[in-house]
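Numbering (this note's numbering), first residue to last: 106 to 283. We treat Cβ as the ideally placed atom computed from N, Cα and C, and that holds for glycine. Bear in mind the structure is a predicted one, so any value in this text is a computation, not a measurement. Structure, as structure tokens:
This is how it looks when you write it as structure tokens:
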């Protein structure tokens with residue numbers, strides 16, 4: 106077996122002059138979480154969530170800034186960010202549709218729901234619409250099995266979906282354009 110190498114050590118990171126982890130965001134995180142955690146390192150998830158909530162994704166520059174703030178190596182924080190599927194290291198749409206594919210949702214018609222949303226948006230799961238408005242993702246479990254099939258749109262749960270209601274929901278997001 107041959108090892109394939111990647112030139113990631115020479116990868117040029119996109120940079121901007123304005124920090125992603127602004128002084129205001131640092132202060133907000135510090136005030137809200139520092140007293141709850143025994144070390145700065147332990148605040149990794151709240152810091153990543155705060156940055157992503159502010160910018161809708163985690164650029165590598167932001168991960169470096171957060172690592173410095175947390176007094177850890179950027180590689181450690183990148184490992185954390187890429188372990189959890191709710192963190193994005195690539196840009197995503199303004200709105201995110203997460204379709205649950207747990208056993209309960211699968212039995213109740215998740216495939217038809219996913220297909221309906223994908224058709225309405227003209228994208229496949231894992232893709233973003235051309236206008237960068239909506240990203241469609243499938244996730245293992247949203248935790249609302251009693252109302253399957255379900256989808257999470259941004260932070261709002263939609264229960265007992267049908268292919269028709271899912272398509273209507275997707276078309277509504279695509280029209281928002283805000």
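For the set 230, 219, 215 and 158, the Cα lying nearest the Cα of residue 199 is the one of 158. Looking at the DSSP output, residue 173 shares a beta bridge with no other residue. When the alpha-carbon of residue 119 is set against those of 168, 161, 189 and 151, the nearest one is in 168. For the segment 149–212, the continuous beta strand (DSSP E) assignments of 3+ residues that do not extend past its boundaries occur at 200–205, in sequence order.
In the structure shown, residue 234 falls within a coil segment according to DSSP collapsed to helix, strand and coil. With a contact defined as Cβ atoms closer than 8 Å, residue 221 and residue 254 miss out at about 10 Å.
Around the Cβ of residue 202, a 10 Å sphere holds 16 or more other Cβ atoms; the residue is buried. Pairwise C-beta distances place the segment 168–186 out of contact with the segment 223–233, as fewer than three of them are shorter than 8 Å. Under DSSP, residue 256 shares a beta bridge with 204 and 263. Under the three-state reduction of DSSP output, residue 126 falls in the coil class, being neither helix nor strand.
Around the beta-carbon of residue 208, fewer than 16 other beta-carbon atoms lie within 10 Å, marking it exposed. Rounded to whole angstroms, the separation of the alpha carbons of residue 241 and residue 223 is 7 Å. Judged by DSSP secondary structure, residue 240 falls within the beta strand (DSSP E) whose first and last residues are 239–244. 7 Å or more divides the Cβ of residue 138 from the Cβ of residue 124.
Annotation: residue 119 is outside any alpha helix (DSSP H) and is labelled neither H nor E by DSSP.
Going by beta carbons, residue 249 and residue 262 fall inside the 7 Å limit.
C-alpha of residue 251 to C-alpha of residue 214: approximately 14 Å in a straight line.
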